[in-house]
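Residue numbers (my numbering): 579 to 963.
C-beta: ideal position from N, C-alpha, C; glycine also.
Data first, discussion second: the structure below is written as structure tokens.
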Ligand SMILES: Cc1cc2nc3c(=O)[nH]c(=O)nc-3n(C[C@H](O)[C@H](O)[C@H](O)COP(=O)(O)OP(=O)(O)OC[C@H]3O[C@@H](n4cnc5c(N)ncnc54)[C@H](O)[C@@H]3O)c2cc1C
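Here you go:
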């Protein structure tokens, strides 16, 4: 029946679920392991018993993509309903629209600029003495000038990364972060939406296959590799090696949950750019499901800090120190047999969900192609360094 062998998939998040499903459909037996008590990894959603609100337990997740195959893939397992992400920010006692757009500029400077006028005005504000920006701060000053930088970028970035924007590379701000029209849709992608019954429901359907067995609350250690024909590992790369070369730097998030009777802030995401406010944003989860009606509300105040060994790693830091350490782990991983490191933790990269799914589909396809020719599967499909 399972002449093709048994494969271990470490992690029941999007990476593990998609790889597992693709290989199960091709006749492999799949054993999925996750340390957590639920599937779906960091995309996990659950209904709050008190209010009925669908809560994004590890922070808000909005699905957006230009990849038509990935869009079709998620729609095969779950109904996606229309959702546009519109973010507001509170700065120095006023509420503005994000990303910084024509409305934000006109409100902030008390003007009624048309697009060309706003463009010329921002050009005047930009600091042209900075010829070759090296840091995030220099890049932002060069793009938008001091006033917009201080109101919308400086404090938020400092709180998010726990360091001064003068210590972050210019590459974080690749493009001019301003729109000269009234488009306040946070994402540019062609397809955008929310799963009607949450991400956990969708990932449960992906994993629902007779050849897939899911073991929750089960840590997978590398001494079990030999039991399987191949291992797809979406856990942390440094964790796989018991952190022997140190811990790769991540930022973690703390969520302070509170409930409210009614509508707390009138939108899903309200950022707080001022450094005097300790949290980066407040998310109000019922607004992520605008087709539902709930009297009560569940909100998260979000705080960012350095990630310790016992914390959940969220955002990889990837500065010089981390890149050196990462190179060591990659070199060690390349020496392992019959294992492929995948996903956001296995490759130490920030990956949106659509990219995660794209990479997981490609990984499974490559495995099938390699198996057909009797060739070896690479340790990484996407080099982390
Ligand atoms: C705050 C935040 C907000 C985000 N918002 C968006 C968004 O709006 N839109 C978007 O497209 N993307 C968003 N993302 C990205 C999204 O979370 C990722 O794309 C997705 O979670 C990646 O899935 P994964 O399977 O690679 O990793 P994960 O979801 O982290 O799954 C890995 C799983 O492996 C398990 N595991 C680890 N080690 C072991 C072990 N040794 N044994 C057994 N199990 C193990 C973990 O418990 C975990 O469940 C966001 C990310 C963050 C951090």
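- Residue 679 counts as buried, since at least 16 other C-beta atoms from the protein chains shown sit within 10 angstroms of its C-beta.
- Taking each of 604, 610, 690 in turn and checking the Cα distance to residue 798, the smallest one comes out for 610.
- With contacts defined as CB atoms closer than 8 Å, residue 759 and residue 662 fail to qualify as a contacting pair.
- Under the three-state reduction of DSSP output, residue 693 falls in the helix class.
- When DSSP states are grouped into helix, strand and coil, residue 667 belongs to the strand group.
- No Cβ-Cβ contact shorter than 8 Å links residue 696 with residue 717.
- Note: residue 780 is not bridge-paired with any residue in the DSSP secondary-structure output.
- Ranking 683, 919, 767 by CA distance to the CA of residue 648 puts 767 first.
- The continuous alpha helix (DSSP H) containing residue 680 extends over residues 680-687.
- Assigned with DSSP and collapsed to three states, residue 803 falls in helix.
- The straight-line gap separating the alpha-carbon atoms of residue 619 and residue 892 is approximately 11 Å.
- Taking 8 Å as the cut-off, the beta carbon of residue 769 is found no closer than this to the beta carbon of residue 584.
- No Cβ-Cβ contact shorter than 8 Å links residue 813 with residue 886.
- With fewer than 16 other Cβ atoms inside 10 Å of its own Cβ, residue 692 counts as exposed.
- Under the 10 Å beta carbon count, residue 904 is surrounded by 16 or more other beta carbons and is classified as buried.
- With respect to the 8 Å criterion, residue 795 and residue 659 are not classified as neighbours on the basis of their beta carbons.
- Rounded to the nearest angstrom, the Cβ distance from residue 596 to residue 938 is 4 Å, consistent with a contact under 8 Å.
- By the 16-neighbour rule on beta-carbons within 10 angstroms, residue 880 is buried.
- Distance check between residue 897 and each of 668, 942, 642, 741 places 741 closest, using alpha-carbon atoms only.
- With a cutoff of 8 Å on beta-carbon distance, residue 778 and residue 634 are scored as not near each other.
- At a threshold of 7 Å, residue 620 counts as near ligand 1, since its beta carbon sits closer than that to one of the ligand's heavy atoms.
- Between residue 959 and residue 941, the C-beta gap is smaller than 8 Å, which places the two residues in contact.
- Counting only the Cα atoms, residue 828 lies some 5 Å from residue 895.
- Burial of residue 737 is indicated by the presence of at least 16 other C-beta atoms within 10 angstroms of its C-beta.
- Contact annotation: residue 847 and residue 908 have beta-carbon atoms that are not nearer than 8 Å.
- Residue 750 sits exposed, since fewer than 16 C-beta atoms from the chains shown fall within 10 Å of its C-beta.
- Annotation note: the stretch 839-901 contains the following uninterrupted beta strand (DSSP E) runs of length 3 or greater, listed N- to C-terminal: 847-850, 859-862, 874-884.
- Taken atom to atom, the span from the alpha-carbon of residue 629 to that of residue 875 is near 7 Å.
- Cβ neighbours of residue 842 within its own chain (closer than 6 Å, five residues either side excluded): 862, 875, 877.
- Annotated three-state conformation of residue 632 is strand, per DSSP.
- DSSP places residue 604 in the coil class of the three-state scheme, outside both helix and strand.
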